[in-house]
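Undergrad: Residue numbering for the sequence shown follows this note's numbering, starting at 323 and increasing by one per position. Even glycine gets a Cβ: it sits at the ideal position worked out from N, Cα and C. One structure is given below, represented as structure tokens, and several questions about it will come after.
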Amino acid sequence: MKVTLALVIFSVLIGPTYLQLDFLSKTLRTYQFLIFNFAKLRLLGVINPSINGTTCAEDLKLFMDAAFKAEWWAVKMLDASGKFNPGVLQGNMKFLGSYDQCLGLQKDQAGVGLDTQYCTMLLKPDKNLEDFLYRNVIKAKANKRLMSTDLFKEYAVIEFGLCIPKSCTMDDLTNLWKRFQVLYQAPGYSEFSDKLCYSKNKKVVPSKFDIYVFWFFGVTLFVELACTVYDLYTRSQPRRLDILVNFSLYTNAKRLMSRNYENETLTCLYGLRSFCIIWVILGHIMLNKSLTSTNVLQMTTEWMGRLENAFFLGSVYAVDTFLTISGLLVVYVYLDYSDKYKLNFSLVYGHRILRLTPALLATVLLEMSVVKYFIQGPLAFPYLTTMATNCEKRGVDTLFFVSNAVERDERCLRQSWYVSVDSQLYLLTPFMVFCFKRQPGKTFFGVVVVCLCSFVYTWMTVIKNNIGSLLFIDNNSEMVYFSPLCRIPVWLIGTCLGYVLYRHNHQKISIPKRVNYVLWILSMTVIIILTMYQTVLVREAHNVYRSAFSNTFCKPLWALAIGFIILSCCTGHSDPVNTFLSHPVFMLIGKLSYSIYLIHLTVIHVIVANKQQTDYFSTFGLLFDFWGYFVYILISATALCLVFETPTVSILRYLETYVANMKKKKT
């Protein structure tokens, strides 16, 4: 069948106008006639027994006759369908054709042509072909570690873009393939779905929540624009409602761009947050680009095992930096607050919920009801199902900070697992503050005991379930990666650091120069080794004890290394590094880090889902594309921050000031 189609296309494209010899021209015309009739009989042998009498059959016959006559609309329709490309053995499994060209075809006013639709056909090899490919493709690669049989089955699905008559239904296409499979013993089976078909007038199916979501965003924007106008027109008036000014986009933009530090001691945290959020973005771009690349098998079996690419794989440690900073801040801030005011622990939880929820809610609603209207293309369907559908079903789990307990493929906002883990550990904040305030020595001992218990739990969980150390690749790795019980040592290290810095405000910490240099060298060595160690985990065959060591000790070691860098910068022992990390650019990105974290994966999915073609994955291409992604993410995060996050922070500060003033009046 493939040979027949190739000869037909060859015969159509080669015409006698290119030939000067009459004899050769006549010979080619005879050749074309024979090929056309042969191919026509073969194609009719598929159409007539399977869907004869349907509108689809009539339209396919019309298209076939027009293609044999080289009518332009039929040639464009044939050209718009996907065709096999080189590089299949490297993972080039998506033959998408031309999406826009297909949807641009329709019957003209004279009735010439056909109304078309673009459908993606999924071709899955049968077991014999699958085993053959796995043996000869994967085993020939440098690394089998990253491509297990089960994972290979997910990748070994060919996506074929078809430009077909709009009259053809999924049943018609299924029957055609069954007949084709019987006639030519095709070593695989196909899958058709109406959700994978697009036509020019096909609209996105709205959900029952969409109207309410659009009203929510509309009212929110109206209120903030009204408050902005109020702010601008009353700036010179001594008496005005400050509560309304807190919703002003103008005032909140000034606060966002302000270079005034909230705390002069912890300015280096802005730089660390900035680098880590950029690292997270880079890692997620790497994963999403690889899934739509023409060399995905090469990327997962060779590229990831190269030492020079360890930096990209090391992005998994960015969340450990965030957890360390989180533990530091909750203890440092509330210990400092308790020196001035009586700490109300119910307000501690209320502050956390009000601080995180508005921006999180907005992102959930965007994925559930808004983003789907901005996605269109041959790669759109997987993202539409994982974004809109998951948020309709499991959005509540995300808003209640338990999304880390939800299966990854069902989770609304896949990156929200970290927010959930951090919030669950935050429940310990009042207890930790109380203990550090009363008996810091015993608290440090208790932290060591809890860390040891966590190490034992993590080690035994990995051994018992034979868990790997590579997320998304090894089976059951989510059991420890998303678990607060396994993450708690990192957070506790941050809390201890927070107490040390709090004590530094009352009793300056002095680190001898030689000790400082040695600890710097040791910390940077740990960071480099842990990053490079990712390539060891990739290259070497799975070893449960190596995996247990990695899952148990690597993250706390990372937290200790980052913790010393923070300590050295905040106590004045590394002024050049502290000055660099405190740069105003990092301050801006650091302020946006929460909004960036929430929205970045949504932006990446929208960009990837709107791609019309796959591309080649390379390190240079990844770094080059990063800056384009980052600009869109930064713009989206700024909008999310100004509309939802900054007003909430301003309101909380306003209420804290109001409560503090009321307490002063009472005393």
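Between Gly950 and His864, what straight-line distance do the alpha-carbon atoms span, to the nearest angstrom?
TA: The residue given as residue 950 occupies position 628 in the sequence shown. The residue given as residue 864 occupies position 542 in the sequence shown. The straight-line gap from Cα to Cα measures roughly 36 Å.
Undergrad: Whole angstroms is fine: what's the gap from Ala632's alpha carbon to Gly435's?
TA: Along the sequence shown, one-based indexing puts residue 632 at 310. Along the sequence shown, one-based indexing puts residue 435 at 113. Going by the C-alpha atoms only, they are around 53 Å apart.
Undergrad: Count the other CB atoms within 10 Å of the CB of Ala396; is the residue buried (16 or more) or exposed (fewer)?
TA: Reading the sequence shown from its first residue, position 74 is the one you call residue 396. So Ala396 ends up on the buried side.
Undergrad: Would you tell me roughly how many angstroms separate the C-alpha atoms of Val858 and Gly627, rounded to the nearest one?
TA: The residue given as residue 858 occupies position 536 in the sequence shown. The residue given as residue 627 occupies position 305 in the sequence shown. The straight-line gap from Cα to Cα measures roughly 8 Å.
Undergrad: By Cβ distance, which residues of its chain are closer than 7 Å to Leu382, with the 5 residues on each side in sequence left out?
TA: Sequence index remark: in the sequence shown, residue 382 carries index 60 (1-based). Ile369 and Pro487.
Undergrad: Just how far apart, CA to CA, sit His673 and Ser896?
TA: The count along the sequence shown starts at 1 and reaches residue 673 at position 351. The count along the sequence shown starts at 1 and reaches residue 896 at position 574. Between His673 and Ser896, the C-alpha separation is close to 33 Å.
Undergrad: Leaving out five residues before and five after Ala870 in sequence, what residues of the same chain have Cβ atoms less than 6 Å from its Cβ?
TA: Position 548 of the sequence shown, counted from the start, is the residue given in the question as residue 870. Closer than 6 Å at the Cβ level, and outside the excluded window around Ala870, lie Trp781, Val784 and Ile785.
Undergrad: Buried or exposed: which applies to Ser615, given that a residue is buried once 16 or more other Cβ atoms fall within 10 Å of its Cβ?
TA: To locate residue 615, count along the sequence shown from 1; it is residue 293. When all chains shown are included, Ser615 counts as buried.
Undergrad: Could you say which of Ala961, Phe722, Phe939 and Ile697 lies nearest to Asn617 if we only look at CA atoms?
TA: Working through the sequence shown from its first residue, we reach residue 617 at position 295. Closest option to Asn617, judged by alpha-carbon separation, among Ala961, Phe722, Phe939 and Ile697: Phe939.
Undergrad: Suppose you measure from the CA of Ser596 to the CA of Val971; what does that come to, to the nearest Å?
TA: In the sequence shown, counting from the first residue as 1, residue 596 sits at position 274. In the sequence shown, counting from the first residue as 1, residue 971 sits at position 649. Those two C-alpha atoms are separated by around 20 Å.
Undergrad: Of the choices Ile603, Ile888 and Lys517, whose alpha-carbon is the least far from that of Pro704?
TA: The residue labelled residue 704 in the question sits at position 382 within the sequence shown. With distances taken between Cα atoms, Pro704 lies closest to Lys517.
Undergrad: May I have the straight-line CA-CA distance separating Val848 from Ile647, to the nearest angstrom?
TA: Reading the sequence shown from its first residue, position 526 is the one you call residue 848. Reading the sequence shown from its first residue, position 325 is the one you call residue 647. Near 18 Å, if we compare the C-alpha coordinates of Ile647 and Val848.
Undergrad: Looking only at its chain, what residues have a beta carbon closer than 7 Å to the beta carbon of Cys713, apart from the 5 residues adjacent to it on each side?
TA: Within the sequence shown, numbered from 1, the residue matching residue 713 stands at position 391. Excluding residues within five positions, the ones whose Cβ falls inside 7 Å are Val686, Glu689, Met690 and Cys734.
Undergrad: Grouping DSSP H, G and I as helix and E and B as strand, with all else coil, what is Met386?
TA: To locate residue 386, count along the sequence shown from 1; it is residue 64. Three-state result, Met386: helix.
Undergrad: Going residue by residue through the region 780-865, where are the continuous alpha helix (DSSP H) segments of at least 4 residues, counting only ones entirely within it?
TA: 800-803, 806-826 and 835-861
Undergrad: Are the beta-carbon atoms belonging to Asn788 and Val866 less than 7 Å from one another?
TA: Position 466 of the sequence shown, counting from 1, holds the residue named residue 788. Position 544 of the sequence shown, counting from 1, holds the residue named residue 866. Cβ distance < 7 Å, so Asn788 and Val866 count as in contact.
Undergrad: Tell me which residues share the same chain as Cys519 and place their Cβ nearer than 6 Å to its Cβ, disregarding the 5 neighbours each side in the sequence.
TA: The residue labelled residue 519 in the question sits at position 197 within the sequence shown. For Cys519, same chain residues with a beta-carbon under 6 Å away, outside a window of 5 residues either side, are Gln439 and Cys441 in chain order.
Undergrad: Evaluate Phe345 with the Cβ neighbour count: other Cβ atoms within 10 Å of its Cβ, from every protein chain shown; 16 or more gives buried, anything less gives exposed.
TA: To locate residue 345, count along the sequence shown from 1; it is residue 23. Only weak support is given to the placement of Phe345: the predicted model assigns it a pLDDT of 48, under 50, and the value that follows is read from those uncertain coordinates. The residue is exposed, with fewer than 16 neighbouring Cβ atoms inside 10 Å.
Undergrad: Consult DSSP for Gln439 and reduce its assignment to one of helix, strand or coil.
TA: Mapped onto the sequence shown, residue 439 falls at position 117. Strand.
Undergrad: Do Gly885 and Ile955 have their beta-carbon atoms positioned less than 7 Å apart in this structure?
TA: For the purposes of this step, residue 955 is identified with residue 633 of the sequence shown, where counting begins at 1. For the purposes of this step, residue 885 is identified with residue 563 of the sequence shown, where counting begins at 1. No; because the gap between Cβ atoms is not below 7 Å, this pair is not in contact.
Undergrad: What separation, rounded to the nearest whole angstrom, lies between the Cα atoms of Ser805 and Phe966?
TA: In the sequence shown, the residue the question calls residue 805 occupies position 483. In the sequence shown, the residue the question calls residue 966 occupies position 644. Cα-Cα distance, rounded: 29 Å.
Undergrad: Note down the Cα distance separating Tyr639 from Trp880, rounded to an integer number of angstroms.
TA: As a first step, residue 639 must be located in the sequence shown, where it is residue number 317. As a first step, residue 880 must be located in the sequence shown, where it is residue number 558. Roughly 7 Å between the two C-alpha positions.
Undergrad: Output needed for Gln423: all residues of its chain with C-beta closer than 8 Å, excluding positions within five of it in sequence on either side, in chain order.
TA: For this step, residue 423 is matched to residue 101 along the sequence shown. Correct list, in chain order: Lys398, Asp401, Ala402 and Cys485.
Undergrad: Over what stretch of residues does the beta strand (DSSP E) that includes Ile480 continue unbroken?
TA: The sequence position of residue 480 within the sequence shown is 158, counting from 1. Looking at the DSSP string, the run of the beta strand (DSSP E) that includes Ile480 is Ile480 to Pro487.
Undergrad: Please determine, among Pro898, Gly419, Tyr572 and Pro752, the residue with the shortest C-alpha to C-alpha distance to Leu547.
TA: Walking along the sequence shown from the start, residue 547 turns up at place 225. Ranking Pro898, Gly419, Tyr572 and Pro752 by Cα distance to Leu547 puts Tyr572 first.
Undergrad: At 4 residues or longer, what runs of the alpha helix (DSSP H) sit wholly inside the region 533-610?
TA: 564-567 and 571-579
Undergrad: Please confirm whether Asn568 and Pro969 have their CB atoms less than 7 Å apart.
TA: Position 246 of the sequence shown, counting from 1, holds the residue named residue 568. Position 647 of the sequence shown, counting from 1, holds the residue named residue 969. Closer than 7 Å, so yes.
Undergrad: Give me the DSSP bridge partner(s) of Ser521.
TA: Here residue 521 refers to the residue found at position 199 of the sequence shown. The partner list for Ser521 (beta bridge, DSSP) reads Gln439.
Undergrad: When the Cα atoms are used, what is the spatial distance from Trp537 to Glu862?
TA: Numbered from its first residue, the sequence shown carries residue 537 at position 215. Numbered from its first residue, the sequence shown carries residue 862 at position 540. Rounded to whole angstroms, Trp537 to Glu862 spans 53 Å at the Cα level.
Undergrad: Look at Val641 and Tyr748 and say whether their C-beta atoms are less than 7 Å apart.
TA: If you number the sequence shown from 1, residue 641 lands on position 319. If you number the sequence shown from 1, residue 748 lands on position 426. The answer is no: Cβ separation not under 7 Å.
Undergrad: Where does Val325 land, buried or exposed, given buried means 16+ other C-beta within 10 angstroms?
TA: By one-based count along the sequence shown, residue 325 stands at place 3. Legend: pLDDT at Val325 = 46, less than 50; position of this residue unreliable, value from coordinates given subsequently. Exposed.
Undergrad: Would you identify the three-state DSSP class for Tyr695, choosing helix, strand or coil?
TA: Position 373 of the sequence shown, counted from the first residue, corresponds to residue 695. Tyr695 falls in the helix class under three-state DSSP.
Undergrad: Specify, as a first and last residue, the run of the alpha helix (DSSP H) that Ser742 falls within.
TA: Counted from its first residue, the sequence shown places residue 742 at position 420. Trp739 to Tyr748 is the extent of the alpha helix (DSSP H) around Ser742.
Undergrad: For a test of the three-state rule: what should DSSP assign to Lys398, helix, strand or coil?
TA: If you number the sequence shown from 1, residue 398 lands on position 76. Three-state DSSP puts Lys398 in a helix.
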